[in-house]
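The sequence shown runs 1 to 297 under the UniProt record's numbering.
Think of the CB as a built atom: it goes at the ideal place given N, C-alpha and C, for glycine as much as any other residue.
Since the structure is predicted, the reported quantities are computational estimates derived from the model, not experimental observations.
Okay, structure first, notes after.
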Amino acid sequence: MKSSGGRGKGNPGNSQGGCEEEWARFGLRVRELREAAGLSVGDLSTREVCEGSTVQRIEKGDTDVPLYLAEYLDRRLKAQGSLVNAWARTKLNTHLATGGRPHELDYSASALREFHPGAFPPDLQSHDYATALAQASGTEKRSTLGNRTSILKVVLNESVVRARVGGDKVMREQLGRIVTSMRGGGLCLQIIPADIAEHPCPMGPFRLLSLGPVYTVAHLISPCGDGQLISRPDEVRSFSDLFEDLRGAALSVSESLDLVTEVYESLKPRDEQKAITSGDQGEGPLSTLGMDRYTRH
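Below, the structure is given as structure tokens:
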């Protein structure tokens with residue numbers, strides 16, 4: 001299955017009906033597992049995670065189930081990942097049926113892997129960096145998704161780190177965010193050196209979104225529009241293999257952190273560099289910038 005950029009143009013009523021059928025099948029699976037386990041709806045309800053009325057709506061197919069609830073039910077029903085896989089299949093099918101945009105799947109992904117050859121990905125961009133990048137490329141600034149808890153692994157070309165998007169001050173803030181996130185364990189970032197003999201991927205940026213233990217989709221990013229979503233298993237495996245090739249060609253995470261830190265330090269104003277040399281480092285931006293949105297794998 002493939003989904004190119006825009007929203008679907010099919011009959012909205014048919015799409016809606018198909019989505020309801022998908023969630024009804026998922027709900028039936030939940031009820032079958034619950035009954036097989038000898039549990040009541042009340043046994044699955046907790047004030048912190050899931051109320052009994054929510055379980056009832058799920059079993060009737062009356063609600064779009066978020067990932068955390070699918071994971072909770074999978075654990076409680078001892079489904080060993082099969083329920084999360086059923087959820088991932090339902091989520092993907094309903095997304096494609098309604099012509100959803102690829103980035104809308106980000107909230108449903110438990111892990112993301114991204115390769116960006118020319119810029120930091122949108123969710124890692126500072127406001128000024130994103131604005132300068134949009135002005136330079138003549139495109140609209142892409143909005144970020146805010147907080148999410150996905151595992152995030154990113155591979156970049158060295159040129160991304162050494163570019164001067166928006167000037168030294170803007171780039172310094174951008175690199176400061178990256179260093180802070182990497183040091184805090186919130187980002188697994190690797191950089192492919194500029195002098196590498198043979199680059200594994202001369203193509204443009206792409207992303208891999210893991211929706212369940214056996215459900216991953218690839219998103220080919222386009223400079224204009226939403227790009228293309230790929231869900232065929234053989235094609236997704238090819239992109240997964242390519243991402244591992246990119247990681248193999250890149251510096252380690254610790255070496256990449258050293259490189260980003262080195263470039264960041266080189267962008268400090270001369271008076272601040274002199275203060276650091278004299279031992280008066282102060283707190284500095286790396287102690288005040290925070291990007292703890294992600295959990296590290």
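Annotation: the stretch 190–243 contains the following complete segments of the beta strand (DSSP E) (minimum length 3 residues), in chain order: 206–212, 215–220 and 228–230.
C201 and V217 have their C-alpha atoms spaced approximately 18 Å apart.
For E59, the enclosing alpha helix (DSSP H) has its first and last residue at G52 to K60. According to the DSSP secondary-structure assignment, V155 is paired through a beta bridge with F115 and Q190. Check the Cα spacing between C224 and each of Y215, L69, S210 and G204: the tightest is with G204. Beta-bridge annotation (DSSP): T46 is paired with C50. Beyond the five residues adjoining it in sequence on each side, E20 comes within less than 8 Å, by CB distance, of G61 in the same chain, given in chain order. A250 is a Cβ neighbour of I191, given a cutoff of 8 Å. Residue environment: Q125 is assigned as buried (16 or more neighbouring CB atoms within 10 Å of its CB, all protein chains considered). Looking at L73, W23 and A24, the one whose alpha-carbon comes closest to that of T46 is L73. The residues G27, V30 and R31, in chain order, have a CB closer than 6 Å to that of E59 in the same chain once the five nearest residues on each side in sequence are set aside.
Boundaries for A250: no alpha helix (DSSP H) harbours it, and the DSSP string shows neither H nor E there. Each residue's CA atom was taken as its position, placing G212 and T98 some 20 Å apart. Residue state for G81 is assigned as coil, using DSSP reduced to three classes. Annotated as distal: V160 and G227, with beta-carbon spacing of 8 Å or more. For a cut-off of 8 Å, the C-beta gap from Y264 to G176 is around 6 Å, short enough to register as a contact.
Here R76 is near L44, since their CB atoms are less than 8 Å apart. Your pair F120 and Y129 checks out as a contact, with CB atoms roughly 7 Å apart and the cut at 8 Å. In chain order, K153, L208 and F243 place their CB closer than 6 Å to the CB of R113, counting only its own chain and leaving out the 5 sequence neighbours on each side. Secondary structure note for V165: it is in no alpha helix (DSSP H), with a DSSP letter that is neither H nor E.
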